[in-house]
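Encoded as structure tokens, the structure appears first; notes follow it.
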């Protein structure tokens, strides 16, 4: 009977998995911001900083092509972020209204042609 664990090791893997900088940062964020809202705010701030840093690597001609300037880059990204949040809120509100209105419309006799056809179940003898 074998008592060692050498046969369980994966070939070519000589060291255990190491923590990456990304996974350490995520763990630190979760520990520091235990409240889900605070953690989400931290992630949002971190993502905005990463996006701004990536855009700062572009030259002035490339920034101009997408309608931004280096001097107002932080404000431009923040305005884009706020616009996306607004659109998501509007989209969620519209979906909520449609979901609330759909069952009432489907039950009315005037819209009977919109309702899915009822299938007749025939028992096999």
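Numbering (the numbering used here), first residue to last: 1235 to 1359.
Ideal placement from N, C-alpha and C gives every residue a C-beta, glycine not left out.
All values reported here derive from a predicted model rather than from experimental measurement.
- A straight-line Cα-Cα distance of about 29 Å links residue 1333 and residue 1275.
- Within the stretch 1252-1335, the alpha helix (DSSP H) runs of at least 4 residues that lie entirely inside it are, in chain order, 1255-1266, 1270-1290, 1294-1299.
- When the beta-carbon positions are compared, residue 1280 and residue 1273 stay at least 8 Å from each other.
- Between residue 1304 and residue 1297, the C-beta gap is smaller than 8 Å, which places the two residues in contact.
- Between the alpha carbons of residue 1324 and residue 1252 lies a gap of roughly 42 Å.
- Pairing residue 1301 with residue 1286 gives a Cβ-Cβ distance that is not under 8 Å.
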